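Residue numbering for the sequence shown follows our numbering, beginning at 9 and increasing consecutively. The beta carbon of each residue, even a glycine, is placed where N, CA and C say it ideally should be. Here the structure is a predicted model, which is why all the values come from computation and not from measurement.
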Amino acid sequence: MKTEITKRWAAVLTLGLGFGLWGCTEVVEATSSSDDNAGSESDAESESAGADEIDESESSSESESGSESESSGESESGSESESSGESESGSESESSGESESGSESESSGETGSEACADLCGTPGCGTCPDAPMVEGEGYRIDRTEVSVADYALFMAADVQPEFLGPVCGWKVDYGGFEPEAWEDQLDDDHDKPVAGVDWCDAESYCRWAQKRLCADVGGDAPSYDDLEGDDDEWFQACSGGGDNTYPYGDDYQQLACNDEALGVGDVVPGGTLPACEGGLDGLYDMSGNVWEWTAACDDEDGLQDHEQYCRRRGGSWYTTDDSLMRCGVKSGRTRAARSNNMGIRCCATP
C-alpha cells in the first residue's frame, strides 16, 4: 500500500518537478519492497493438523540483503496438531540469480579449459571425497553429513555451470557453488558439516561425488507428500526401516542429538555425538545438526524451477521443537533457499 501511494504522489509531483523526482520514487519503491524481506527469519515452523503446507511460502522473491522472512506453516504427517517452533538463525537467503550486494561468489567458471564439467575422479575434475557410507536395503547413505573438507574438494574442482541439472538452469547467472559464509566455514573445523547451500548446490555436489540426493530406492525422486514411504531412502535409514520415530528410538531424548536443547548453538563435527546414532548402525546425525536436502520436490504448475519446494529432513542445531527432529517431519524450502542450518547428505545405489 505504501508503494502505491508513493507512486501516485510521485506521478503528480513529477509533472511539476521534472525527471529528478522520478529517481527518488524508484528509491522509495525499492526500500518499500526490501522492507518486506529484511530482517531475521522468524520461521515459526507452525504445525497445524491437516494443513497442506499452503502457508509454507517464503515472503517473496530474493532479498538483496541476503535475509529471508518466512511465515511457514509446516504440517506434520499424520493427524496430530502441534504448535512447534523452529526460529531459524536469521541467515536464510535465496540464491536465485540476483547479484546480491557484496555476497555473490564468482568462484566457478573462470579458469578456462582446466575447469570441470564431469564427475570427480575424471581428468580435471578433482579427487573424490573419502566419505564412508552405510548400507541400507537396496541403497547406501552417507555415514555423516557432507563435511566442509569434502565440499572444499568440490569447490577446488571448479565445476562449471554446464554441470547443473535441468531444473537448476536459473543458477547459471549466479556464478558458482560457493555456500553462504564459505570463508568463515573454511576458517573453522573442516569436519563440521557444510551449511548455507541451496538445493542445486546439494544436488550438484552429490552427483559430482558419484552419488545423488537421497531418493526412492533405485534413484527415482520420491513424492513430495509421501514422508514415510517404504522406498524412501532417507526415511527408511532414519527410522531403521520404519520402526522408530527418531533415529535412536520412539521417544525424544533431549541431549542425544544437536538441536537447540543441547545448547551448543552451532553445528558440530559429524559423528561426534554417540547417542545420535541410528536408525542404521554407524549412521549419525539424522536428527539435528543441519537440515538435509533430499530429491523430493513439488513440481507445482506455474512456479519457476527456483521457486518450487523441495524436502529437507532431520531438523537442525537451531530446532526448538522436538517434533521437528522426527524422521517423518514435513518441512520444505524453495530450491534457491539457503541457511546456515541447511546442508547435505548423499545416497547411492550399491
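Out of the options, which has the shortest C-alpha to C-alpha gap to residue i?
| i | options | result |
| --- | --- | --- |
| Leu263 | Phe162, Ala283 and Pro140 | Ala283 |
| Ser155 | Asp239, Tyr213, Arg343 and Leu270 | Tyr213 |
| Leu281 | Tyr292, Gly271, Gly144 and Gly287 | Tyr292 |
| Asp181 | Gly146, Pro174, Pro187 and Pro169 | Pro169 |
| Val272 | Val298, Tyr256 and Ser247 | Val298 |
| Ile149 | Glu241, Arg319, Arg334 and Asp209 | Glu241 |
| Asp274 | Met333, Gln193, Leu288 and Leu172 | Gln193 |
| Cys355 | Ala125, Ala139 and Asp126 | Ala139 |
| Gln261 | Met333, Glu122, Asp126 and Met350 | Met333 |
| Trp190 | Gly204, Gly146 and Gln218 | Gly204 |
| Leu221 | Ala304, Ser324 and Asp126 | Ala304 |
| Cys208 | Asp267, Ser231 and Gly184 | Gly184 |
| Arg320 | Arg215, Arg353 and Phe171 | Arg353 |
| Thr152 | Val167, Asp234 and Gly296 | Gly296 |
| Thr357 | Lys219, Ser347 and Asp313 | Lys219 |
| Pro187 | Thr253, Ser339, Ala210 and Gly177 | Ala210 |
| His314 | Lys179, Glu122 and Tyr147 | Lys179 |
| Leu172 | Asp126, Ala157 and Glu236 | Asp126 |
| Ala269 | Met294, Pro255, Ser324 and Asp234 | Ser324 |
| Val276 | His198, Ala123 and Gly177 | His198 |
| Gly146 | Asp238, Cys176 and Cys136 | Asp238 |
| Glu143 | Thr253, Cys246, Tyr256 and Tyr254 | Cys246 |
Output the distance between the C-alpha atoms of residue i and residue j, rounded to the nearest integer angstrom.
| i | j | result |
| --- | --- | --- |
| Arg341 | Gln316 | 8 Å |
| Cys265 | Tyr326 | 11 Å |
| Tyr159 | Gly226 | 25 Å |
| Phe162 | Asp196 | 18 Å |
| Met350 | Trp301 | 7 Å |
| Cys128 | Val167 | 10 Å |
| Ala157 | Trp216 | 15 Å |
| Lys200 | Asn348 | 12 Å |
| Thr328 | Met294 | 16 Å |
| Cys318 | Phe243 | 15 Å |
| Leu235 | Asp306 | 13 Å |
| Ser339 | Glu122 | 39 Å |
| Ala229 | Asp206 | 18 Å |
| Leu288 | Gly279 | 13 Å |
| Ala223 | Cys136 | 21 Å |
| Thr253 | Val337 | 10 Å |
| Tyr232 | Cys176 | 18 Å |
| Gly322 | Met141 | 18 Å |
| Tyr256 | Val202 | 24 Å |
| Cys335 | Cys124 | 36 Å |
On the criterion of 16 or more Cβ atoms from any shown chain inside 10 Å, does residue i qualify as buried, or is it exposed?
| i | result |
| --- | --- |
| Cys290 | Checking the sequence, you will find Gly at residue 290 rather than Cys. Counting Cβ neighbours within 10 Å, Gly290 comes out exposed, since fewer than 16 surround it. |
| Ala344 | buried |
| Gly134 | buried |
| Pro131 | exposed |
| Pro174 | exposed |
| Asp330 | buried |
| Leu311 | exposed |
| Asp258 | exposed |
| Glu308 | exposed |
| Ala164 | exposed |
| Asp267 | buried |
| Glu285 | buried |
| Asp251 | exposed |
| Arg346 | buried |
| Gly248 | buried |
So what does DSSP say about residue i, is it helix, strand or coil?
| i | result |
| --- | --- |
| Cys354 | strand |
| Trp325 | coil |
| Ala203 | coil |
| Gly340 | strand |
| Met141 | strand |
| Arg334 | coil |
| Gly296 | strand |
| Val154 | coil |
| Leu161 | helix |
| Tyr213 | helix |
| Tyr147 | coil |
| Tyr232 | coil |
| Val275 | coil |
| Asp224 | strand |
| Ala133 | The displayed chain sequence assigns Cys, not Ala, to residue 133. Cys133 falls in the coil class under three-state DSSP. |
| Ala283 | helix |
| Cys128 | coil |
Against chain B, with Cβ distances strictly below 8 Å, would residue i count as a contact?
| i | result |
| --- | --- |
| Phe185 | Reference to chain B is not applicable here, since this structure consists of a single protein chain. |
*Complete alpha helix (DSSP H) runs within the region 240-268 (minimum length 4 residues, chain order)*: Taking only runs of at least 4 residues, the alpha helix (DSSP H) segments lying wholly in the region 240-268 are 241-246.
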